[in-house]
Amino acid sequence: MTLQGGFERLWNGCHRDVCCWVLLLACYLSDALAVRPKMPGHTYLNSIRIDGDISLGGLFPVHARGNDGKACGELKKEKGIHRLEAMLFALDRINNDNELLPNITLGARILDTCSRDTHALEQSLTFVQALIEKDSTDVKCLSGGPPIITKPERVVGVIGASASSVSIMVANILRLFKIPQVSYASTAPELSDNTRYDFFSRVVPPDTYQAQAMVDIVKAMGWNYVSTVASEGNYGESGVDAFIQKSREEGDLCISQSVKIPREPRAGEFDKIIRRLSENPNARVVIIFANEDDIRRLLQAAKKANQTGHFIWVGSDSWGSKISPILNQEEMAEGAVTILPKRQSIKGFDRYFISRTLENNRRNIWFAEFWENNFQCKLSRHAVKKGSGIKKCTNHERIGKDSSYEQEGKVQFVIDAVYAMAHALHNMHKDLCPGKVGLCPQMETINGTLLLKYIRNVNFTGIAGTPVVFNVNGDAPGRYEIYQYQMTNNTTEYKIIGHWTDQLYLNVNKMQWPGGEQEVPSSICSQPCLPGQRKKIVKGIPCCWHCENCDGYQYQADTYSCKMCRFDLRPNENHTGCVPIPIVKLEWSSPWAVFPVLIAVLGIMATLFVVATFVRYNDTPIVKASGRELSYVLLTGIFLCYATTFLMISAPDVFVCSLRRIFLGLGMSISYAALLTKTNRIYRIFEQGKMSVSAPRFISPASQLVITFSLISVQLLGVCIWFGIDPSQAIIDYEDQRTANPEMARGVLKCDISDLSLICLLGYSMLLMVTCTVYAIKTRGVPETFNEAKPIGFTMYTTCIVWLAFIPIFFGTSQSREKMYIQTTTLTISVSLSASVSLGMLYIPKIYVVLFHPEQNVSKRKRSLKAVVTAATMSNKFNPKGGLRPNGEAKSELCESLETQDCVERGDPCEGL
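In mature numbering (1 follows the signal peptide of the UniProt record, and there is no 0), the protein residues as written are -34 to -1, 1 to 879.
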């Protein structure tokens, strides 16, 4: 990789403020680092070099951060030397292992970061020297030849760093040159960003895992409303922030109170904290990220407030399995759940480290400094000052014997990091150099991107017996042991109740609760809603809600919403789903149908009786005088009016609906067409008599039938057009009986005839009725001796009253739940009453005479033509036109004409007009 290309990659891959500084520093130091001479003992300044076929880098905080402008400060024995020696210990084991990287020796280049990110960045440039191509074409020696530049060994991967801030800074430059990095202690969540730190991996879990473990514990116990307590500072505040962040990501977990303990708490501060935690008694669980002293004082305040057994504490690793925080207040800690990272002391390293001496550990250039610091002595006699109390080292001191020793907690992870790199190289060697011993040409220059792939795919058992693996972000799985503080038979102890390794394993049966509670203590904000209720979340507190009923036609679609049932469905009893709406129609047994059917049956029987009587006495004078042809037409219309009732009550289908369209208006059209023809004939006859003695046209029986059927045909034509535009069909109307109470909702099976269509269907019949009524009014002055003029008038008046009553009842009930029943009953009764009025007023009197007074059913003596004409023109005697001619002449002409055309030809009496 050229320097220019590498810097372009760095500029695109890191923060600009960091990268500007890195670029300037790299340009400044690249020349010096490339030609720096090798010092005796294979050491560089602030570095250890161990030769090998493949070299690994190492970054350790051997010294603390310096003061007063110094880069490095005092030696860090545990975090520096212990961890550094752990890497050397791991290298020794790997190089002596005939199974892992056989005939391949791992070397190292180990640097001191001095616990400072900028210093670590400067030192880490050592790792990229071999990758920077130095252009020396313009440089010549005094002899005129090219300069001889010692090219440093290439580092294929880096172990470290310790602090997250150092790892972040170093990762920015190592990713530029595609050098994989495996940290043993950096836990910052930021380093999990695989887009910014793609070459960074770690064998320790990030801080988010502890918070995630605690969130998982809380959710596993069914708690969703908790409080948090944090000691002021990075540990407590970061821990609580991570817990809150994880709880938000998980959802259904809310914070009641979030309390911070000041660094210097005032008197009564912990009492105040307990009062705040007690404000919401439903939030019994308290998450604690606090130091030991704060935990102890918090429990004391809870005891003072008489809250024994109320709070359920969930403590972080700062509480763990320690006795000091709960000493003398064990009853307050009963039931507390705590977690502790799973780690193990490595016995082999203990034996290795306590055996280190100045003689056998010369490779560690800082070991002499450690020796002096550890044994409080000086190696040089000149460094020993009189009266200082510091002795000269004898070289016979022994670690663990002449000084205290306790293995540092991250030793296990340093060893695992080195082994992860070794296993990745081993797997790469098997793939690139199959069957070959030692390095092959394919691994002389190791591709960092390919090596990273092998690192991310390693899966082996670590030094402590736990598996070492990485996820897609290069993080190791979190491993925690879960404890509960329990009291059994007056004895108290921490018992392991589970563990957490990326997911929770919890043995609830081993858990105990304060006061001997058998059930898991509740820590929830709101009780679960009943079936058919939705949760209405309290604003800003997703774990608190009000329960609202899904009412009306709504059903519970999910936990948080109600939805309307489909138009043909209604909610079930508890509103958790939808069921079909029952279908109803007008039944024959319904009271709404019985009365109309009774009227129709009686009407049909009466009509058939009249028809039978007319047929039986067809040739009698009264039957003849009534106009037999139109009478039978009118009786047919009356019969159809009654029969329509049965069509209106029958179960709707395509056939029945078609018949309804045809016959609902047809019966009335036939009736009123016949009546209109009769009244029109009478009107024209007597109107003609006012002006002339000649008979009007089209008054013969045949003409009357033609006129009648012409009027009827208009109704049939309209129905045919309706069929063509909108074919008949039966529908289910779910709006007719869609009541406020879904239990009462019904779907109505009916014909597809709207109110507007019904008006159009009956409109023509109404027009005939109104026209007939007008003629009836105009002929009201006809003498009583002239048949049917006045009865027809009374029939039409009564019919109009019936239909005027029908209209408000029919349309006024359009919003009623009983609309179908009321409108159908009203319509059928109105049609039947119309038919009954015509039947009663026009035919019953005639039937009465025919059956009970046969003596009146005889032909009367013909009145003189002159008398007829006189009666016909009586109302017009004062008419100017009539006065122009002698009365006798006009009357004689009219009588002669009528007698010739009607009375004489048919043999009927003249009053049959």
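Every residue, glycine too, gets a C-beta built ideally from N, C-alpha and C.
Just the Cα atoms here: how many angstroms apart are residue i and residue j?
{"i": "arginine 594", "j": "valine 581", "result": "10 Å"}
{"i": "aspartate 19", "j": "methionine 187", "result": "54 Å"}
{"i": "threonine 304", "j": "arginine 168", "result": "25 Å"}
{"i": "serine 731", "j": "phenylalanine 561", "result": "24 Å"}
{"i": "phenylalanine 605", "j": "phenylalanine 652", "result": "31 Å"}
{"i": "arginine 347", "j": "isoleucine 320", "result": "25 Å"}
{"i": "alanine 179", "j": "arginine 532", "result": "45 Å"}
{"i": "aspartate -4", "j": "aspartate 164", "result": "At aspartate -4, the pLDDT of 43 sits below 50, so the modelled position is not reliable and the matter cannot be decided from this model."}
{"i": "leucine 805", "j": "alanine 696", "result": "33 Å"}
{"i": "tryptophan 688", "j": "threonine 645", "result": "30 Å"}
{"i": "isoleucine 795", "j": "asparagine 584", "result": "31 Å"}
{"i": "asparagine 399", "j": "threonine 323", "result": "According to the sequence shown, residue 399 is cysteine rather than asparagine. When rounded, the distance between both Cα atoms is 39 Å."}
{"i": "isoleucine 16", "j": "serine 369", "result": "28 Å"}
{"i": "cysteine 491", "j": "threonine 274", "result": "21 Å"}
{"i": "leucine 601", "j": "glutamine 822", "result": "23 Å"}
{"i": "phenylalanine 166", "j": "arginine 329", "result": "28 Å"}
{"i": "lysine 367", "j": "lysine 402", "result": "47 Å"}
{"i": "glutamine 176", "j": "valine 435", "result": "18 Å"}
{"i": "isoleucine 254", "j": "methionine 53", "result": "35 Å"}
{"i": "aspartate 83", "j": "phenylalanine 277", "result": "43 Å"}
{"i": "proline 820", "j": "phenylalanine 772", "result": "39 Å"}
{"i": "glutamine 223", "j": "glutamate 40", "result": "42 Å"}
{"i": "isoleucine 565", "j": "serine 798", "result": "7 Å"}
{"i": "proline 155", "j": "serine 204", "result": "10 Å"}
For residue i, count neighbouring Cβ atoms within 10 angstroms of its own Cβ and tell me buried if that reaches 16, exposed if not.
{"i": "glycine 217", "result": "exposed"}
{"i": "histidine 29", "result": "buried"}
{"i": "asparagine 190", "result": "buried"}
{"i": "lysine 716", "result": "buried"}
{"i": "arginine 317", "result": "exposed"}
{"i": "cysteine 406", "result": "exposed"}
{"i": "tyrosine 638", "result": "buried"}
{"i": "aspartate 534", "result": "exposed"}
{"i": "glycine 498", "result": "buried"}
{"i": "alanine 56", "result": "buried"}
{"i": "histidine 85", "result": "buried"}
{"i": "serine 527", "result": "exposed"}
{"i": "proline 852", "result": "Only weak support exists for where proline 852 lies, its pLDDT of 39 falling under 50; the value from the coordinates is given anyway. Its Cβ having fewer than 16 others within 10 Å, proline 852 is exposed."}
{"i": "threonine 78", "result": "The sequence shown places aspartate at residue 78, not threonine. Classification for aspartate 78: buried."}
{"i": "isoleucine 147", "result": "Correcting the residue identity first, residue 147 is glutamine in this sequence and not isoleucine. Glutamine 147 is buried by the Cβ-count criterion."}
{"i": "tyrosine 814", "result": "exposed"}
State the start and end residues of the unbroken beta strand (DSSP E) segment that holds residue i.
{"i": "cysteine 399", "result": "Neither: cysteine 399 is in no beta strand (DSSP E) and is coded neither H nor E."}
{"i": "arginine 712", "result": "712 to 717"}
{"i": "glutamate 119", "result": "Per DSSP, glutamate 119 belongs to no beta strand (DSSP E) and is neither H nor E."}
{"i": "tryptophan 285", "result": "Run containing tryptophan 285: none; DSSP gives neither H nor E here."}
{"i": "tryptophan 511", "result": "507 to 515"}
{"i": "glutamate 701", "result": "696 to 703"}
Just reading off the alpha helix (DSSP H) that residue i is part of, what are its end residues?
{"i": "histidine 29", "result": "Careful: histidine 29 lies outside any alpha helix (DSSP H), inside the beta strand (DSSP E) at 29 to 31."}
{"i": "arginine 168", "result": "Arginine 168 -> not in any alpha helix (DSSP H); beta strand (DSSP E) instead, spanning 166 to 168."}
{"i": "isoleucine 76", "result": "No alpha helix (DSSP H) contains isoleucine 76, which is instead part of the beta strand (DSSP E) from 72 to 78."}
{"i": "alanine 523", "result": "Element bounds for alanine 523: not the alpha helix (DSSP H) but the beta strand (DSSP E), 520 to 524."}
{"i": "glutamine 89", "result": "83 to 90"}
{"i": "tryptophan 466", "result": "Where tryptophan 466 is concerned, there is no enclosing alpha helix (DSSP H), although the beta strand (DSSP E) it sits in stretches over 457 to 467."}
{"i": "methionine 298", "result": "296 to 299"}
{"i": "glutamate 372", "result": "No alpha helix (DSSP H) holds glutamate 372; DSSP gives it neither H nor E."}
{"i": "lysine 812", "result": "810 to 818"}
{"i": "valine 225", "result": "Careful: valine 225 lies outside any alpha helix (DSSP H), inside the beta strand (DSSP E) at 220 to 227."}
{"i": "threonine 174", "result": "173 to 186"}
{"i": "lysine 42", "result": "Segment: none, lysine 42 is in no alpha helix (DSSP H) and carries neither H nor E."}
Tell me, to the nearest whole angstrom, how far the beta carbon of residue i is from that of residue j; I am working on the premise that it is less than 8 Å.
{"i": "leucine 87", "j": "valine 136", "result": "6 Å"}
{"i": "isoleucine 463", "j": "leucine 470", "result": "Between leucine 470 and isoleucine 463 the Cβ distance is about 11 Å, and since that is not below 8 Å, they are no contact."}
{"i": "valine 563", "j": "threonine 611", "result": "6 Å"}
{"i": "leucine 677", "j": "leucine 642", "result": "7 Å"}
{"i": "residue 885", "j": "glutamine 478", "result": "The chain is shown only over -34 to 879; residue 885 falls outside these bounds and no answer can be derived."}
If we require 3 or more residues per run, which beta strand (DSSP E) segments fall completely within the stretch 722 to 798? Taken in chain order, the whole beta strand (DSSP E) runs of length 3 or more contained in the stretch 722 to 798 number zero.
Could you give the uninterrupted runs of the alpha helix (DSSP H) lying entirely in the stretch 566 to 654, keeping only those of 4 residues or more? 587 to 591, 594 to 615
Quick one: complete alpha helix (DSSP H) runs, 4+ long, within the stretch 242 to 294? 258 to 270
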